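Here my numbering = 1-based position in the sequence shown + 157.
The structure under discussion appears below in the form of structure tokens.
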Amino acid sequence: MIPLSDLIDDLRSRDAKRVAVQLPEGLKRGTAMLASALRNEGFEVVICGDACWGACDLALDALADADVLVHIGHTPVTQEKNVIYIPFRQDIDPEILLSAVPALECFAKVGLVTTIQHAHQTQEMAGWLQDHGIRAVVGEGSVRTPQPGQVLGCTYAAARSAEADAYLFVGTGVFHAIGVSLATGKPTFALDPYGAGDVQEVSADRLLRKRFVQIEKAKSAKTFGILLSSKSGQCRKELAKRLESLSPDASIILIREVSEMQLRNLGFDAYVNTACPRLALDDQSRFPMPVLSPAEFEIVLGLRSWDDYVIDEIV
Ligand code: SF4
Numbered sequence: 158m159i160p161l162s163d164l165i166d167d168l169r170s171r172d173a174k175r176v177a178v179q180l181p182e183g184l185k186r187g188t189a190m191l192a193s194a195l196r197n198e199g200f201e202v203v204i205c206g207d208a209c210w211g212a213c214d215l216a217l218d219a220l221a222d223a224d225v226l227v228h229i230g231h232t233p234v235t236q237e238k239n240v241i242y243i244p245f246r247q248d249i250d251p252e253i254l255l256s257a258v259p260a261l262e263c264f265a266k267v268g269l270v271t272t273i274q275h276a277h278q279t280q281e282m283a284g285w286l287q288d289h290g291i292r293a294v295v296g297e298g299s300v301r302t303p304q305p306g307q308v309l310g311c312t313y314a315a316a317r318s319a320e321a322d323a324y325l326f327v328g329t330g331v332f333h334a335i336g337v338s339l340a341t342g343k344p345t346f347a348l349d350p351y352g353a354g355d356v357q358e359v360s361a362d363r364l365l366r367k368r369f370v371q372i373e374k375a376k377s378a379k380t381f382g383i384l385l386s387s388k389s390g391q392c393r394k395e396l397a398k399r400l401e402s403l404s405p406d407a408s409i410i411l412i413r414e415v416s417e418m419q420l421r422n423l424g425f426d427a428y429v430n431t432a433c434p435r436l437a438l439d440d441q442s443r444f445p446m447p448v449l450s451p452a453e454f455e456i457v458l459g460l461r462s463w464d465d466y467v468i469d470e471i472v
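This is how it looks when you write it as structure tokens:
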């Protein structure tokens, strides 16, 4: 649900006449309704139709033709002018936490983490856990995750800052929970608020086994393409330059959308990803060749040991 009256007040206070709107893939079907509502209030509307998965991928080009870009779904990951962010919120009933209590009782301090949809309820959920005998804490936000307890697939700062003995991730899927487990090294449990209500302890073992296979495959690569994203919140130029300097066989590739076809056409034996960290860790099955994280590339080159494996994060 978009707080339309607040948005309109904000646009009027900025004296905006022409407004670009960008919705992420999961919410894109709301575009027509939003555009129509803004037009009814007297604004000209530009719709940004390209794929978007996060606030790391702002349609800043649209600002050449609009006074303000309205980005729906996420909180900011970079500081940009003339962008209004409207995070997507979904309320959940804290009673769903009941199934997690038995698994968490043995830990002195439990860090509560979640994604942006539920980040407005972290204090409420932590309070509920406290009332049920769990010492729950919520870590501070960070530049990319401004809400307390909020995590992204590229940033687990809120988990680390909680300095807990174990973590409970509330949200869909297990990728973020596995990320928390890798980033903190602590037992991590996942609870899907829309699932059957079961809590599960996640393990990074399966992911690490798969990454080990890709690292071994990449050891025979003769050429490495260092993927440097042109997206506003994924562009890690200094990191890409450093990685390129590590091997005479590495070349930086400026790229926007990373697809199997693009990587095949470019023809490198292996790639090193400095764009969204999920590409290497979560999407490897889409690619027929190894797509390594920065730390994995260092392992391939013998500059880091497997025991020093770290999850890739954008900080
Ligand atoms: S870089 Fe990836 S994980 Fe981070 S906000 Fe963008 S899409 Fe999400």
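All residues carry an ideal CB built from backbone N, CA and C; glycine is no exception.
The structure displayed is predicted, hence computed values, not measured ones.
Query: For residue 356: DSSP bridge partner residues; Result: 348
Query: First and last residue of the uninterrupted beta strand (DSSP E) at residue 179; Result: 175-179
Query: Heavy atom of the ligand SF4 within 7 Å of residue 234 beta-carbon; Result: yes
Query: Distance cut-off 7 Å: residue 213 Cβ against heavy atoms of the ligand SF4; Result: yes
Query: Same chain only: Cβ atoms within 7 Å of residue 188, ignoring 5 sequence neighbours per side; Result: 178, 180, 204
Query: Closest by C-alpha distance to residue 274, when choosing among 255, 263, 232; Result: 232
Query: Whole-angstrom C-beta distance between residue 247 and residue 276, which should lie under 8 Å; Result: Not quite, the Cβ-Cβ distance comes to about 10 Å (not below 8 Å), so this is no contact.
Query: Given 8 Å, three or more beta-carbon pairs between the region 247-256 and the region 340-351; Result: yes
Query: Close Cβ partners of residue 457 (< 7 Å) along its chain, the five nearest in sequence each way excluded; Result: 372, 375, 376, 449
Query: Segment contact, 8 Å Cβ cut-off, at least three pairs: the region 252-260 with the region 211-228; Result: no
Query: Cβ neighbour criterion (16 or more within 10 Å) applied to residue 196; Result: exposed
Query: Residue 216, DSSP secondary structure in three states; Result: coil
Query: Neighbourhood of residue 192 by C-beta distance below 8 Å, restricted to the same chain and skipping five residues each side; Result: 178, 202, 204
Query: Segment limits, alpha helix (DSSP H) that includes residue 369; Result: 362-375
Query: Reference residue 424, options 392, 463, 379, 460, closest by Cα; Result: 379
Query: First and last residue of the uninterrupted alpha helix (DSSP H) at residue 221; Result: Here residue 221 belongs to no alpha helix (DSSP H), and DSSP marks it neither H nor E.
Query: Per-residue DSSP class, three states only, for residue 289; Result: coil
Query: heavy atom of the ligand SF4 below 7 Å from residue 391 C-beta; Result: yes
Query: Length of the line joining the Cα atoms of residue 162 and residue 335; Result: 38 Å
Query: heavy atom of the ligand SF4 below 7 Å from residue 310 C-beta; Result: yes
Query: Cβ pair count under 8 Å reaching 3, the region 315-327 against the region 339-349; Result: yes
Query: Distance, residue 186 Cα to residue 288 Cα; Result: 40 Å
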